[in-house]
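Worksheet: the structure to be examined is printed underneath.
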Amino acid sequence: DTAVSQTPKYLVTQMGNDKSIKCEQNLGHDTMYWYKQDSKKFLKIMFSYNNKELIINETVPNRFSPKSPDKAHLNLHINSLELGDSAVYFCASSQEGQGMLGEKLFFGSGTQLSVL
Amino acid sequence: LAKTTQPISMDSYEGQEVNITCSHNNIATNDYITWYQQFPSQGPRFIIQGYKTKVTNEVASLFIPADRKSSTLSLPRVSLSDTAVYYCLVGANTDKLIFGTGTRLQVFP
């Protein structure tokens, strides 16, 4: 069983289209994330959801909207796709730490988005 | 947020021990040090985490000096399958973790 699964694996689309990427985790974690990895391999956090509430949004354009129907799912909807949106998008999850305990991130295998 | 600095790339041969050092001069008291490994076309995978001194698991060891301003990930007897990018992260909360450029390790036969 895959702990964090995201679909699709590959997504090729035209500029201006709207697309969604789905993510599910079966780890029972409280927090889920979306990360973007660009062509230079920088991995940047986009969103974090804790118990269905958005807790961070790192200056991401409002064309990107995360939607969490329940704490096991965090989908990413992108409107009016642009060439610069081409990247690999990773979903991740973690369990809230307690006290001084560090937390671990569990990542999905990524969605390669290509905007033509 | 504590910034990390690590070598961009390293080369090694199979069977050798590889040590990757990460600098984090501004580490805060509550911060943990965590290392992730990323293979091509996959998401990062947790390797090891520590707060001070030495931590060892089945995959690697993590050495942290008393001042905690640096840390060293040690991979014993690497194999070709250890070729990957290794990220050093410092933080107390997962939503504040910042992935830097990482260290690209290439293992040769």
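Protein chains in written order, with the numbering used here: chain A, 211 to 326; chain B, 4 to 112.
Don't be surprised by glycine CBs; every beta carbon is placed ideally from N, CA and C.
On a predicted model such as this, the values are computed, not experimentally measured, just so you know.
Check                                                                                                                                               : Outcome
Taking Leu76/B as the reference, give the member of Ile30/B, Thr32/B, Leu100/B, Thr56/B with the closest Cα.                                        : Thr56/B
Could you confirm whether any beta carbon from chain B is found closer than 7 Å to the beta carbon of Phe274/A?                                     : no
Compare the beta carbon distance of Val21/B and Val81/B with 7 Å and say whether it is the shorter of the two.                                      : yes
Just to confirm the assignment: which complete beta strand (DSSP E) runs, minimum length 3, are found wholly within the stretch 224–284 of chain A? : 229–235, 241–247, 253–260, 263–267, 274–280
Please list the partners that Lys277/A has in chain B, where partner means a Cβ-to-Cβ separation under 7 Å.                                         : Here the premise fails: no neighbours, minimum Cβ distance about 18 Å.
Could you check if Gly18/B is buried or exposed, using at least 16 other CB atoms within 10 Å of its CB as the buried criterion?                    : exposed
Beta strand (DSSP E) containing Gly294/A: first to last residue?                                                                                    : Element bounds for Gly294/A: n/a, residue is neither H nor E.
Candidates Ala302/A, Val298/A, Glu313/A: which alpha carbon is nearest Thr321/A's?                                                                  : Val298/A
Helix, strand or coil: which one does DSSP assign to Leu100/B?                                                                                      : coil
Find the residues of chain A that neighbour Pro10/B, judging by a C-beta separation of less than 7 Å, and give them in chain order.                 : Those do not exist, as Pro10/B stays about 15 Å from chain A at its closest Cβ, beyond 7 Å.
Establish whether the CB of Phe49/B and some CB of chain A are separated by less than 7 Å.                                                          : yes
Buried or exposed for Thr269/A, going by 16 or more other Cβ atoms inside 10 Å?                                                                     : exposed
Would you grab the beta carbon distance between Asn267/A and Thr241/A for me? Rounded to a whole angstrom, and I think it's under 8 Å.              : Not quite, the Cβ-Cβ distance comes to about 14 Å (not below 8 Å), so this is no contact.
Pick from Gly238/A, Thr217/A, Ile255/A, Ala213/A: whose alpha carbon is nearest that of Phe102/B?                                                   : Ile255/A
For a contact meaning CB atoms closer than 7 Å, what does Phe102/B contact in chain A?                                                              : Leu253
Starting from Ala63/B and walking both ways along the beta strand (DSSP E), at which residues does that stretch end?                                : Premise fails: Ala63/B is in no beta strand (DSSP E) and is neither H nor E.
Is Phe257/A close to chain B? Criterion is C-beta to C-beta, closer than 7 Å.                                                                       : no
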